[in-house]
Structures are given as structure tokens and as C-alpha cells.
Amino acid sequence: MKITRLEAIPFSIPYTHPLKFASGEVHAAEHILVRVHAEDGVVGVSEAPPRPYTYGETQQGIKAVVEKIFAPQLIGLDVFDREKIHARLNRTVGNPCAKGSVDIALWDIIGKVLHQPVTRLLGGYTDRMRVSHMVGFDEPARMVAVAEMFKEKYGISTFKVKVGRHPYSLDVAVCRALRQHFGDTVDLYIDGNRGWSASEAARALRAMDDLDLLMAEELNPADDVLGRRWLIKQAKIPFYADESVSRPAEVAREILDGSATAISIKTARTGFTQSQRVHFMCESLGIENYIGNQIDGQVGTMASVVFGAAYKGTAERAGELSNFLDMSDDLLTEPLRIADGVLKIRERPGTGVVIDEEKLARYRCDA
Ligand code: MUC
Ligand code: MG
20 MKITRLEAIP FSIPYTHPLK FASGEVHAAE HILVRVHAED GVVGVSEAPP RPYTYGETQQ
80 GIKAVVEKIF APQLIGLDVF DREKIHARLN RTVGNPCAKG SVDIALWDII GKVLHQPVTR
140 LLGGYTDRMR VSHMVGFDEP ARMVAVAEMF KEKYGISTFK VKVGRHPYSL DVAVCRALRQ
200 HFGDTVDLYI DGNRGWSASE AARALRAMDD LDLLMAEELN PADDVLGRRW LIKQAKIPFY
260 ADESVSRPAE VAREILDGSA TAISIKTART GFTQSQRVHF MCESLGIENY IGNQIDGQVG
320 TMASVVFGAA YKGTAERAGE LSNFLDMSDD LLTEPLRIAD GVLKIRERPG TGVVIDEEKL
380 ARYRCDA
């Protein structure tokens, strides 16, 4: 089945609760809806969230790369020519989210053509994941109130706490307030988005030694090569690489260099094909991983759970699948529902997303 057209549609949906973290903040989901068209009218759908402060990609840049560089290289190839497709995508350096979104849309087509949910094609381990919610910067009491609301309303009991502020004592106070409020009824972990230096991070970890944190993510930049190794040697909990591992080779480098002891997998940046490679590498090496969130909307979140549910390793840990709840609206005909702290895949061919065309017309910003 040949690829006939690639579409990249920019849209913007405001957040009701903007997410703030050490490397940036998000007030509107200014994302790209990618549609890959194939013969017989089959269409694959995905979402690309540009993160200029993380990978340098922008909404207009992703649109241009998909339509002007990838489309001429892919049109005419068969959707099952997967290695050929990736060889062509990889002629372009960088642009992880543009590549990831095209890959996911192609898997959506493959699932539709084979009449199978993509989770089953990838690995088929389960049909659901436990959900972890990311709590953005605010005053300690407000961050506790947000977590309490997500626990009460959606049954979520795993929280990623954004840290990396100056002074670091504010972040320590937040984590302490969360632990005091919830006791041992929740799991907590932290993500610094490179906001601290190695020594600030070391002091903060020492100050939180009694808080039973599950893990720490990207507390300082991976580019502080020796500082990062020094920090990791003294950390008593797994140290996750996130934005520093946007492709499998970076995962290998960080693990071998002692710059990370665990890996966040984000389908937004490694699609399904490269995420598989990352997951298998981690599994073979005995390295923990979990499904992270690139502040995805519902289309992207569905992709995350479709991949995460496919494998034992990713399905065993809570995945970050809930921050679309901070958006004022979304693009699906049937909104995702989190209940009892769990999000399920949809038992239908492909990734299971159906776009509400009226909503897309309302939020698209290229008209
Ligand atoms: C995260 O885990 O870092 C913030 C920036 C980004 O690219 O993803 C988010 C969440
Ligand atoms: Mg992160």
C-alpha cells in the first residue's frame, strides 16, 4: 500500500492550567496534527508537540520538514517498507518530533490495513497503563492541592514533581509538603529539566533523602559531562535521562558514559519504531524505563499508551498520560477517560484515534 500524501496541520488549543517547569512553560497546545495518506483512502493520524526549549523544533518548522522534506522522500514508498522509510527520514538530522509523528501515523495505517490494534502489533502485553500526573511549578500548597484533585477525581497516585528552581529549597519544600500530605499513599519522583547545577542537585537530593522518591530525572544538563557523572555516582535513586536522549544512539552514549541509569521513553520524539529500539536496548541492559510525557494532547497521549501497554517493562510503571486534562478542549470525537488511575487503549484497528473534524476546523491555525 503506497503512501500518497503527507499533511501537517498546525493547531492551537489553550490550556486552562498552564504547565510551568525549569526549561519553559506551556499556555497553549500549539501542536501539529500529522496525517499520512495511503492508497484506498487509508489515513494515519498522529500529533507532534514542538518543544523549542528541548529539541529546537517549532510548529512552523515541523510543518515545513514534514511537507517539504519528508513528503517528497516518502510518497510512493509502501507503508510496509519500514526500514527504507526510516533510512530516508534519517537523512535529515534532528527533528525528532517531526520524525516520530510520521512514524506513528504510518503504524496507524499498518494497524488499519491489518485490522489490528497497534498495541497488539507492537507487543500486545496488556490493554492499559497506570497513570502518573506531572505537577508543574507553583507554591507548595497549590501543588499539593493539584495532586489531591487528580487523586480524588481520577484515582491517580503517582506524581512527577517539577523541580529545578532557584533557590532549590522551594522545590524541597514542595516535595516535603506532598509527602506530609499524602504519607505513603502516593509515589513521588522529580524532574529538574536541567534547572540545577550538579552541586545544587546533590544538595537537594540529600535534603530529600527521607522522602522516599522513586527516581530523579534530568536534574542537571547532560552537557555538564563530569558534573553529571559525579552527581549520578552519589545518587541513591535511579537517574533518568529525558531530553538528553532523543534517539537510540544518545541512549547508548548516556548509559555507557555513566550519565544516566534509567531512560524516559517519549513516543512524541521517538515514534513507535525508535521507541521500540530504545525499549529493547534498556531491557537487554537491565535499565529501567518509563513512558514520559511531552505535554501531549489526546492524540499524542493515545500514542503513548498504545506503545506503553505493548510491553511488560513499560506497562509495569505508571506512564505520564494525564496532562491533556489541563487543556480546555481537544480533537478527538471520543475524549480519553482516566478512571481509577488507569488509561486504556481502544480495541480498534490502528492507534484508535478518530479526529473530530469540526474541532479541527475550529482550532487549526493555517486557514
Ligand atoms: C518532561 O518530562 O520534561 C517538559 C518539556 C518537555 O519536552 O517535556 C516536558 C516534560
Ligand atoms: Mg523530563
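Just so you know, we're using the numbering used here here: the sequence shown kicks off at 20 and counts up by one. Backbone N, C-alpha and C fix where the C-beta goes; we use that ideal spot for every residue, glycine too. Remember, it's a predicted structure, so these values are computed and weren't measured experimentally.
Rounding to the nearest angstrom, what Cα-Cα distance links residue i and residue j in this structure?
{"i": "A329", "j": "T370", "result": "12 Å"}
{"i": "I209", "j": "C194", "result": "8 Å"}
{"i": "M153", "j": "A260", "result": "16 Å"}
{"i": "G143", "j": "H185", "result": "44 Å"}
{"i": "K118", "j": "V85", "result": "8 Å"}
{"i": "D315", "j": "E219", "result": "30 Å"}
{"i": "V264", "j": "I282", "result": "8 Å"}
{"i": "V244", "j": "R381", "result": "46 Å"}
{"i": "D203", "j": "D231", "result": "9 Å"}
{"i": "V180", "j": "L350", "result": "27 Å"}
{"i": "P68", "j": "A164", "result": "27 Å"}
{"i": "G311", "j": "V182", "result": "16 Å"}
{"i": "S188", "j": "A223", "result": "7 Å"}
{"i": "F178", "j": "P257", "result": "16 Å"}
{"i": "N342", "j": "A358", "result": "14 Å"}
{"i": "L355", "j": "R365", "result": "10 Å"}
{"i": "E66", "j": "E353", "result": "16 Å"}
{"i": "E58", "j": "K103", "result": "18 Å"}
{"i": "H46", "j": "P91", "result": "34 Å"}
{"i": "A287", "j": "D127", "result": "14 Å"}
{"i": "R266", "j": "P115", "result": "8 Å"}
{"i": "Q317", "j": "G360", "result": "16 Å"}
{"i": "E273", "j": "R70", "result": "21 Å"}
{"i": "P159", "j": "L38", "result": "15 Å"}
{"i": "G319", "j": "W249", "result": "35 Å"}
{"i": "H228", "j": "Y309", "result": "The amino acid at residue 228 is misidentified as His; the sequence shows Asp. So the alpha carbons of these two residues sit roughly 22 Å apart."}
{"i": "M234", "j": "D157", "result": "21 Å"}
{"i": "E335", "j": "C301", "result": "14 Å"}
{"i": "T145", "j": "L340", "result": "16 Å"}
Taking the beta strand (DSSP E) that residue i falls in, what are its first and last residues?
{"i": "F156", "result": "No beta strand (DSSP E) holds F156; DSSP gives it neither H nor E."}
{"i": "D206", "result": "206–210"}
{"i": "F178", "result": "177–181"}
{"i": "A281", "result": "281–284"}
{"i": "K21", "result": "Unbroken run through K21: none, as it is neither H nor E."}
{"i": "I310", "result": "307–310"}
{"i": "Y259", "result": "258–260"}
Can you check DSSP and say which residues form a bridge with residue i?
{"i": "V64", "result": "R54"}
{"i": "P29", "result": "I51"}
{"i": "I374", "result": "L351"}
{"i": "P136", "result": "G369"}
{"i": "G338", "result": "V150"}
{"i": "A235", "result": "I209, F258"}
{"i": "G119", "result": "Answer is none; G119 lacks a bridge partner."}
Which first and last residues belong to the alpha helix (DSSP H) in which residue i is found?
{"i": "L189", "result": "187–201"}
{"i": "S216", "result": "From DSSP, S216 is part of no alpha helix (DSSP H); its letter is neither H nor E."}
{"i": "F299", "result": "292–304"}
{"i": "F326", "result": "317–327"}
{"i": "K87", "result": "From DSSP, K87 is part of no alpha helix (DSSP H); its letter is neither H nor E."}
{"i": "E102", "result": "101–108"}
{"i": "E269", "result": "267–276"}
{"i": "L362", "result": "It is not in any alpha helix (DSSP H) - L362 instead sits in the beta strand (DSSP E) that spans 361–363."}
{"i": "A83", "result": "78–83"}
{"i": "Y19", "result": "A question about residue 19 goes unanswered here, because the residues of the chain that appear run from 20 up to 386."}
{"i": "K255", "result": "Neither: K255 is in no alpha helix (DSSP H) and is coded neither H nor E."}
Are the beta-carbon atoms belonging to residue i and residue j less than 8 Å from one another?
{"i": "I306", "j": "G277", "result": "no"}
{"i": "I123", "j": "G332", "result": "no"}
{"i": "L25", "j": "L93", "result": "yes"}
{"i": "L96", "j": "I22", "result": "yes"}
{"i": "L362", "j": "V324", "result": "yes"}
{"i": "R247", "j": "A221", "result": "no"}
{"i": "V61", "j": "V132", "result": "yes"}
{"i": "S347", "j": "Y34", "result": "yes"}
{"i": "F169", "j": "I129", "result": "no"}
{"i": "R198", "j": "L207", "result": "yes"}
{"i": "G211", "j": "A41", "result": "yes"}
Quick one: any contact between the segment 74–90 and the segment 290–301, if contact means 3 or more CB pairs under 8 Å?
no
Across the segment 47–59 and the segment 113–132, are there enough close Cβ pairs to call them in contact, namely three or more that are closer than 8 Å?
Because the criterion of three Cβ pairs below 8 Å is met, the segment 47–59 and the segment 113–132 touch.
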